[in-house]
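Here the sequence shown is numbered in the UniProt record's numbering, starting from 1 and rising by one per residue. One structure below.
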Amino acid sequence: MLLSTSGRVVMFLFINYSVYINLTLYTRLSMRTNIVIDDDLMSNALKATGFKTKKEAVEEGLKLLIKKSKQSSIRKLRGKLKWEGDLDEMRGG
Numbered sequence: 001m002l003l004s005t006s007g008r009v010v011m012f013l014f015i016n017y018s019v020y021i022n023l024t025l026y027t028r029l030s031m032r033t034n035i036v037i038d039d040d041l042m043s044n045a046l047k048a049t050g051f052k053t054k055k056e057a058v059e060e061g062l063k064l065l066i067k068k069s070k071q072s073s074i075r076k077l078r079g080k081l082k083w084e085g086d087l088d089e090m091r092g093g
């Protein structure tokens, strides 16, 4: 069918492919969610960060939670890894 000289068949396949890709990207990149957030908390967060939208504040908060979680899992490795080196030498002292 792709080798057909009929532009109609090729266009039909292209449209279906494009719609599939767009729907897949949309569902994987964003998620609409309704939540109740304390007005004072949101107001203070927007003032503290300078963000213009609630979405920006919520997304940054979620990113910070993920980062903190990853950092705490790294801390569990403390004392379990072998390291050799001279910090004074590395620092140029």
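The beta carbon of each residue, even a glycine, is placed where N, CA and C say it ideally should be. Fair warning: this is a prediction, and the values are worked out from it, not measured in the lab.
Hey, alanine 45 and alanine 57: beta-carbon distance below 7 Å or not? Against the sequence shown, residue 45 aligns to sequence position 45. Against the sequence shown, residue 57 aligns to sequence position 57. Going by C-beta atoms, alanine 45 is nearer than 7 Å to alanine 57.
Going by C-alpha to C-alpha distance, which of Leu87, Gly61, Met31, Ser73 sits closest to methionine 42? Position 42 of the sequence shown, counted from the start, is the residue given in the question as residue 42. That would be Gly61, whose Cα lies nearest to the Cα of methionine 42.
Enumerated in chain order, which unbroken segments of the alpha helix (DSSP H) with a length of 4 residues or greater are wholly contained in the stretch 27 to 51? 39 to 49
Would you give the residue range spanned by the alpha helix (DSSP H) that arginine 75 belongs to? As a working note, residue 75 is residue 75 in the sequence shown. Note, arginine 75: alpha helix (DSSP H), 54 to 75.
Between the C-alpha atoms of aspartate 86 and isoleucine 66, what's the straight-line distance to the nearest angstrom? As a working note, residue 86 is residue 86 in the sequence shown. As a working note, residue 66 is residue 66 in the sequence shown. Using only the alpha carbons, I get a separation of about 33 Å.
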